[in-house]
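Just below is one structure, and these are the notes that go with it.
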Amino acid sequence: MSRLTTTIVFTLSLLAVQAAAFTNYKLPELRQEYLAASNDEDAAKDFYAKMEKYSGNHAVILGYKAASEAVMAKYVWNPYFKMKHLKTAAGLFEEAIARDREEPEIRFLRFVVESHIPDYLNMSDNLEEDKAIVIKNLVKHPESGINTELARMMRDFLVAKDRCTEQEKQVLQKLKI
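Taking our numbering, the leading residue of the sequence shown gets 9, the next gets one more, and so forth.
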């Protein structure tokens, strides 16, 4: 085989492996699995086991991998393991955001996680920045590219939480999503 042929075969093989890995991680399914994991320990364990195997570099999927770590912190009883999951989640969120700084879905996931972390742990430094990016993209919907169902969920979560100002809540409540 010539050197060029070998390079082409290797590149195509690598792309096929990456495509196969990505097909197991479809965003609509990950959204549903994350919601289930947030409310059920068995679902959380299944979601965590699935996401732990992900080794790709798709920014939003990395965000869900981070969220799977964070949701496990909810269900483990040992404080050491709670912190370990939260720190791993924080690192994965940083990696995901480094890949796509303006992606509202990653920012929303991190906002949700950080809004549930007790203030005394000092692990919620990104709430305002993440909230601003999410709101900016919700206001631009549908041009922002956010899935409509996800946009509604984002809006409803932000309005229901104490993390928004009254002015922000009014802006969000007026959105036609």
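In this text, a Cβ means the ideal position worked out from N, Cα and C, and glycines have one as well.
Asked                                                                                                                         : Found
Chain-order list of residues whose beta-carbon lies under 8 Å from that of Ile-154 (same chain, five-residue window excluded) : Pro-112, Glu-113, Asn-145, Leu-146, Met-162
Collapsed DSSP secondary structure at Glu-157 in the structure displayed                                                      : helix
Spatial neighbours of Val-142 in its chain, beta-carbon cut-off 8 Å, leaving aside the 5 residues before and after            : Pro-112, Arg-115, Phe-116, Phe-119, Met-162, Leu-166
Proximity to Ala-106 [Cα-Cα], best of Tyr-56, Val-68, Val-79, Pro-36                                                          : Val-68
Sequence-distant residues of the same chain with beta carbon closer than 7 Å to Ile-185, five excluded per side               : His-149, Thr-156, Ala-159, Arg-160, Arg-163
Identity of the residue in Lys-58, Ala-75, Leu-94 nearest Asn-32 by Cα                                                        : Lys-58
Burial state of Gly-99 (16 or more Cβ within 10 Å)                                                                            : exposed
contact_flag[the stretch 41-53, the stretch 86-96] where n(CB pairs < 8 Å) is 3 or more                                       : no
Under the three-state DSSP convention, the category Val-142 falls into                                                        : helix
Separation of Glu-136 from Thr-173, as counted between CA atoms                                                               : 11 Å
Close beta carbons around Glu-110, own chain, < 7 Å, minus the five adjacent residues each side                               : Ile-141
Close Cβ partners of Asn-65 (< 8 Å) along its chain, the five nearest in sequence each way excluded                           : Arg-107
Range covered by the alpha helix (DSSP H) that runs through Tyr-83                                                            : 67-83
Closest Cα partner of Asp-138 within the set Lys-73, Ser-123, Ala-51, Asp-127                                                 : Ser-123
Distance CB(Ala-74)-CB(His-93) smaller than 8 Å                                                                               : no
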